[in-house]
Structures are given as C-alpha cells and as structure tokens.
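**Q**
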Amino acid sequence: MKEPEKRSERRRVPRIPVEFPVTLLQGRKHHKVKAIECSEFGILLTPALKELVGENVQVALSLEQKKSSSLSIPGVVAYASEIGIGIRFKNVPAEQQAILKEYVRAHGIGIVRS
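Here is the structure:
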C-alpha cells in the first residue's frame, strides 16, 4: 500500500528559532504567549489558541532590549497546530518590516535559503 505523501513546507524565507514573550491582542482581549519561531513574514506562538484561527490580531513584541525594537504588527492567525499558532503578518509598515528582516538575518546564522 502506498504511504501518504508528506506535506512540504513552502516558505518564502527561513524561520529562526526564538524565545521571547509576546502579547497577542484580539479585540479587547490580551493573550500572553511566547514566540518560538520567527521570520520577516510571520511568527509561531505558543500555546495553541486554536479558537483564534482566522482572526485578525495585533502582535506586540520587543526584539531586543532597546525601545526602538518594540513593534506592534497586524496579522491574521493562519493556522493552529499541536505546538502553537502561526501568525501571518499583513500590511506591515516598511520601517517595521526592515526591523524584522534585519533581526532574522542577524540571528539566523547558519540558515541557508534553498
């Protein structure tokens, strides 16, 4: 019998492993979560708040100890898994996009784009 095909990931850019606190804002609700993977186009957060799939959110985070790296990024909860929820950033201001891109580049040592 033929084995089921594994779903391949199609990412525009690599994700890097991270570990920092994030506040996820959805309407008037604030969820304290943790980032576990990040790219310039999205972020993986834990725990898995599966009820948020499809919802628009704001992702409030600080990439470094510097105030200049505090970001509030709009996004949509694209999926939920056993590990967490995947947020796809949308309509990110150019300045914040540049900060995300530089952070991933600086912290993604050893990651090769294929």
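Residues in the sequence shown are numbered consecutively from 596, following the numbering used here. Beta carbons: idealized from backbone N, C-alpha and C, even for Gly.
1. By DSSP, does isoleucine 678 sit in helix, in strand, or in coil?
2. Do you know whose CA, among Asn651, Pro609 and Pro642, lies nearest glycine 622's CA?
3. Do leucine 647 and isoleucine 680 have their C-beta atoms closer together than 8 Å?
4. Grab the span of the alpha helix (DSSP H) containing valine 617 for me, first residue to last.
5. Just verifying my parser: in three-state terms, what is the DSSP assignment at glutamate 632?
6. Would you mind sorting glycine 637 into buried or exposed? The rule is 16 or more other CB atoms within 10 Å of its CB.
7. Take alanine 689 and list the residues in its own chain whose beta-carbon comes closer than 6 Å to its own, dropping the five residues that flank it on each side.
8. Does DSSP classify lysine 685 as helix, strand or coil?
9. Find out if the Cβ-Cβ distance for the pair arginine 683, glycine 670 is shorter than 8 Å.
**A** Quick answer:
1. Against the sequence shown, residue 678 aligns to sequence position 83. In this structure, isoleucine 678 counts as coil in the three-state DSSP scheme.
2. Mapped onto the sequence shown, residue 622 falls at position 27. Of Asn651, Pro609 and Pro642, the residue nearest in Cα terms is Asn651.
3. Position 52 of the sequence shown, counted from the first residue, corresponds to residue 647. Position 85 of the sequence shown, counted from the first residue, corresponds to residue 680. Yes; because the gap between Cβ atoms is below 8 Å, this pair is in contact.
4. Taking the first residue of the sequence shown as 1, we reach residue 617 at position 22. Not the alpha helix (DSSP H): valine 617 falls in the beta strand (DSSP E), residues 611-621.
5. Along the sequence shown, one-based indexing puts residue 632 at 37. Correct three-state label for glutamate 632: strand.
6. What you label residue 637 is simply residue 42 of the sequence shown in a count that begins at 1. With 16 or more Cβ atoms within 10 Å of its Cβ, glycine 637 is classed as buried.
7. Position 94 of the sequence shown, counting from 1, holds the residue named residue 689. If we look at alanine 689 and ignore the five residues flanking it on each side, it has no Cβ neighbours.
8. To locate residue 685, count along the sequence shown from 1; it is residue 90. Note: lysine 685 maps to coil in three-state DSSP.
9. For the purposes of this step, residue 683 is taken as residue 88 along the sequence shown, with counting starting at 1. For the purposes of this step, residue 670 is taken as residue 75 along the sequence shown, with counting starting at 1. Yes, the Cβ-Cβ distance between arginine 683 and glycine 670 is below 8 Å.
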